[in-house]
Amino acid sequence: GKHTGLSASLLSQLENGKLIPTLPTLARIAMVFDVGVDYFFTDKRRKVAFSVVRARERIRFPDRPDAVKPAYFFECLAFSATEKSLHAYIAEFPRREPGEVTPHFHLGAEMLHLLEGRLVIRIEDQDHELAAGDTAYFDAAEPHSYRGVSKKPARALVVTAPPRS
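Using this note's numbering, the first residue of the sequence shown is number 180, and each one after it goes up by one.
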C-alpha cells in the first residue's frame, strides 16, 4: 500500500470486490507488484513469455516508501511480463554508514551483479565488499542488507527467484 500511494481503505475495497479500480489505479498496483497491467485482463492460459520494457517506462522506487535516507532505489526491469519465474531489477545504492541500513529478507534466491561502484552486502553477520564486475549469490531468506561505500552510488543488476518447490 505504501509503495502504491493508495489508502488501506481503497485497497481493502478493491481486494473485497466492493470497488472497481480505475486504469491508473491498476497501473500503480501493477508497477509495485512487478506485473503488467494486462495481468488483470489476460487469459491465464500458458503463452510464450516475451516482454519488452523500455528504459523510459521504468519507475524508480526507494527500498521503503517512508525512508528518509533509503538504503537503495530500484527499478523493475520486466514489470510487463506475466507469470515470471524470476524478477530482475536495476538497483542504486547511495553511500551509507553501517548504522544507516536495515536488514531485510524474502523467500527464494538472490543474485546481485555489481555494475558500478563498491557495495557491502551484510549477511550472516559478515560484511562482503564487492567491486564493479563482482557477483554475489545467496539464500535471500537470510537477513541481508546493502550499503554503498563508493563516492558515487553503486549500481547493480539484481535477480531474485522464488524458492524451489
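Cβ coordinates follow ideal geometry from the N, Cα and C atoms, glycine included.
Legend entry - Contact between the segment 333 to 343 and the segment 265 to 274 (3+ Cβ pairs under 8 Å): These segments touch.
Inset, instruction - Provide the residue(s) that pair with Phe317 in DSSP beta bridges, ordered along the chain. - result: For Phe317, which the question treats as bridged, DSSP gives the partners Glu289.
Legend entry - Assigned secondary structure, Leu202 (DSSP; H/G/I helix, E/B strand, else coil): Residue state for Leu202 is assigned as helix, using DSSP reduced to three classes.
Legend entry - Three-state class that DSSP yields for Tyr325 in the structure shown: In the structure shown, Tyr325 sits in a strand (DSSP, three-state: E or B).
Legend entry - Counted within 10 angstroms of its Cβ, other Cβ atoms place Leu291 as buried (16 or more) or exposed: Looking at its Cβ environment, which holds 16 or more other Cβ atoms inside 10 Å, Leu291 is buried.
Legend entry - Under the three-state DSSP convention, the category Ile238 falls into: Residue state for Ile238 is assigned as coil, using DSSP reduced to three classes.
Inset, instruction - Please report the residue range of the alpha helix (DSSP H) in which Leu190 lies. - result: Counting along the chain, Leu190 sits inside the alpha helix (DSSP H) bounded by residues Ala187 to Glu194.
Inset, instruction - Could you have a look at Arg275 and say whether DSSP puts it in helix, strand or coil? - result: DSSP places Arg275 in coil when its eight states are reduced to three.
Legend entry - Rounded Cβ spacing between Pro342 and Leu286 (contact assumed at less than 8 Å): In this structure, Pro342 and Leu286 form a Cβ contact; the two beta carbons are roughly 5 Å apart against a cut-off of 8 Å.
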